[in-house]
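Quick notes on the structure that follows.
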Amino acid sequence: MRTVIKYLLLPFLISTSALTLHAQQDFLNITNYRVYYGWAHNYPQDWIILRRFENQGKDYFLMVNPQTLETKVNESSFYQAKPMTLAETRIFFKKTPYEKALNSVEKQSVAIQDAGIERGMPTETGISLTADLCPSHRPLDRRIFTTMIAEFQKVEKPAPIALSVSGMWMLQHKQDLEWLKQLRNNGDIRITWVNHSYTHRVSKNAPLKTNFLLEPGTDINYEVLATEQLMLKNGLVPSVFFRFPGLVSDQQLVYKITNFGLIPIGSDAWLAKGQQPQAGSIVLIHGNGNEPVGVADFIKLLQSKTKQIANKQWLLYDLRESVDEEFEGTN
Ligand SMILES: [Zn+2]
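31 is the number of the first residue of the sequence shown in the numbering used here; add one for each residue after it.
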């Protein structure tokens with residue numbers, strides 16, 4: 031019963047908050063950007079502070095709502111704040127979906143590929159769509175968005191999508207980024223911005239255990255924090271999620287990411303690899319033009335569901351909502 035009520039309420043909560051995100055400013059002069067943990071209170075909501083920075087003489091927090099996984103940036107002076115270590119914060123917010131998700135990811139962190147949360151609730155009739163924007167010389171694969179908007183405009187507007195964005199992609203695709211922001215501002219799509227590292231290091235020949243972010247010499251601080259700052263500069267609010275380039279990680283790297291307060295997101299349905307999506311799947315496609323096969327599979331998938339979509343029997347789920355729902359009732 032509780033689940034049903036939550037299903038009814040959550041889309042409302044998230045879409046109203048998404049409206050305020052449209053007004054997100056571009057932080058063009060960020061200084062002193064740093065990892066900073068604590069508890070921020072502004073009645074009636076408690077937030078976990080993850081980062082702190084200054085911009086043009088004002089002091090800001092990047093915060094997460096540990097109940098809904100929604101993030102936001104706001105001036106620090108609006109809150110009663112209590113600095114804490116991450117460990118203290120995690121104990122204090124132990125019963126929240128946010129802490130439970132971090133904890134679950136750490137417990138399953140040994141795998142070299144696809145660590146992190148890889149699916150939502152199997153009771154969901156539909157999927158969470160994630161599209162990766164790794165560095166690429168090709169333009170954004172806009173078919174993903176135009177098809178999604180066309181299929182869902184009558185039943186789910188804005189349609190949710192999580193975009194895993196690399197710093198290098200943002201630098202090289204200003205116009206594509208503006209186009210995406212336009213769709214967001216028009217209320218056509220609701221974007222969860224997932225950190226996909228800055229340089230997205232990759233080697234053609236190295237084995238997985240020394241490839242991607244496991245390459246020797248990787249500066250993980252830079253990979254995480256420079257990407258967040260570039261998102262903020264472009265008016266994007268970083269979410270609490272991280273996607274490993276190549277979906278490759280080891281236990282140590284998973285802990286490095288959770289120590290930034292970030293939740294790694296895997297996938298149980300990388301379409302271009304022939305993995306079939308199930309109810310509640312976190313589907314992975316590439317939006318950077320490098321994997322047209324996966325995008326074609328996604329379009330086919332949507333077209334095969336046209337009837338169910340029209341009857342609201344097959345929907346797209348906001349990644350925050352999926353992960354949140356997954357950990358809501360667990361201990
Ligand atoms: Zn990638």
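Virtual Cβ for every residue (Gly too), placed ideally from N, Cα, C. Please read these numbers as outputs of a predicted model, since none were measured by experiment.
Nearest to residue i (by Cα), restricted to the options the options
| i | options | result |
| --- | --- | --- |
| Y66 | S139, Y347, M114 | M114 |
| K286 | S139, P74, G156 | S139 |
| L80 | D218, G87, Y63, P74 | Y63 |
| N72 | G156, K112, L301, Q86 | K112 |
| N225 | V94, D206, V267, I219 | V267 |
| N341 | K184, W77, F91 | K184 |
| I174 | F83, R82, Q97, I329 | I329 |
| T176 | D348, G317, R350 | G317 |
| I250 | T61, W69, D327, P275 | P275 |
| F242 | R273, A131, E321, D218 | R273 |
| V353 | T61, E186, T153 | T153 |
| N5 | G296, P322, K187 | Look at the range of the chain in this structure, 31 to 361, and you will see that residue 5 is not part of it. |
Integer Cβ distance of residue i from residue j, believed to fall under 8 Å
| i | j | result |
| --- | --- | --- |
| T248 | R231 | 6 Å |
| M198 | W223 | 15 Å between Cβ atoms; not a contact. |
| L238 | Q143 | 7 Å |
| L99 | P127 | 7 Å |
| S279 | A192 | The pair is not a contact, with the Cβ atoms about 18 Å apart (cut-off 8 Å). |
| T160 | L314 | 5 Å |
| S196 | P246 | Contact flag wrong, Cβ pair sits at about 20 Å. |
| G25 | A302 | What is shown of the chain runs 31 to 361, which leaves residue 25 out entirely. |
| I147 | I293 | 7 Å |
DSSP three-state assignment for residue i, whether helix, strand or coil
| i | result |
| --- | --- |
| Q75 | strand |
| A236 | coil |
| R214 | helix |
| A145 | coil |
| G319 | coil |
| F357 | helix |
| Y252 | helix |
| A70 | strand |
| R350 | helix |
| T126 | coil |
| S107 | helix |
| E186 | coil |
| Y228 | coil |
| K335 | coil |
| F328 | helix |
| F271 | strand |
| N85 | strand |
| M93 | strand |
| V65 | strand |
| S311 | strand |
| V195 | strand |
| V140 | coil |
| D206 | helix |
| S158 | strand |
| T222 | strand |
| L283 | helix |
| T153 | coil |
Cα-Cα separation between residue i and residue j, rounded to whole angstroms
| i | j | result |
| --- | --- | --- |
| L332 | M178 | 8 Å |
| Y363 | Q212 | With the chain represented from 31 up to 361, any question about residue 363 goes unanswered, as that position is not in the structure. |
| A53 | N264 | Here A53 scores only 47 on pLDDT, less than 50, and its place in the model should not be relied on; the value that follows carries that caveat. Their Cα atoms are separated by approximately 12 Å. |
| K125 | T119 | 11 Å |
| Q55 | G310 | 33 Å |
| E356 | S134 | 11 Å |
| L244 | E253 | 12 Å |
| N59 | R82 | 14 Å |
| R220 | E208 | 14 Å |
| K204 | M93 | 26 Å |
| I339 | A141 | 35 Å |
| R168 | D162 | 13 Å |
| Q259 | F57 | 8 Å |
| G156 | R149 | 11 Å |
| F123 | E84 | 26 Å |
| W344 | K335 | 7 Å |
| D171 | I121 | 42 Å |
| K88 | V270 | 23 Å |
| E129 | P96 | 7 Å |
| Q305 | F182 | 23 Å |
| G291 | L255 | 12 Å |
| S106 | W69 | 11 Å |
| V103 | Y90 | 7 Å |
| A189 | S158 | 10 Å |
| L51 | P322 | Residue placement at L51 is poorly supported in this model, since its pLDDT is 45, which falls under 50; the coordinates still yield a value, given next. Taking the straight line from one Cα to the other gives about 31 Å. |
is_contact[residue i, chain C] using C-beta, thresh 8 Å
| i | result |
| --- | --- |
| Y347 | No chain C appears in the structure shown, which is made up of a single protein chain. |
Proximity test, residue i beta-carbon vs ligand 3 heavy atom, cut-off 7 Å
| i | result |
| --- | --- |
| I329 | With respect to small molecules bound, the structure shown includes ligand 1 and not ligand 3. |
Below 5 Å from a heavy atom of ligand 1 - residues by beta-carbon
D162, C164, P275
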